[in-house]
Amino acid sequence: MSEENAAGGTQYWYNTRTGQVEEGHFSSWSHLMGPYATREEAQAALDKARARTEAWDRDDEKWRR
1 MSEENAAGGT QYWYNTRTGQ VEEGHFSSWS HLMGPYATRE EAQAALDKAR ARTEAWDRDD
61 EKWRR
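Written out as structure tokens, the structure reads:
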């Protein structure tokens, strides 16, 4: 059973505990990132979060100088 977003499409979630993409949110919210519109976006969730964190860290470093 899949969960749909407001537009009627399936929502995907990345489970940080298992490293798997879930169609719909069946696991604890504390382990999920999302929702994402596609399975591919959900699979890339950690990479995207890591890249954003690194960019924010670089920006923070600029402000400290």
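The numbering of the sequence shown is this note's numbering, which starts it at 1 and goes up by one. Where is the CB? At the ideal position from N, CA and C, for every residue including glycine. It should be emphasised that the depicted structure is a prediction, and the values quoted were computed from it without experimental measurement.
Beta-carbon proximity list for residue i, same chain, < 8 Å, skipping 5 on both sides
i	result
H25	E3, Q11, W13, L32, G34, P35
C-beta atoms of residue i and residue j nearer than 7 Å
i	j	result
R50	V21	no
S27	N15	yes
For residue j and residue i, the rounded distance between their alpha carbons
i	j	result
K48	S30	18 Å
R52	A45	11 Å
D59	G9	36 Å
E61	A55	10 Å
Buried versus exposed, by CB contacts within 10 Å (16 or more), residue i
i	result
A42	buried
Chain-order list of residues whose beta-carbon lies under 7 Å from that of residue i (same chain, five-residue window excluded)
i	result
D57	none
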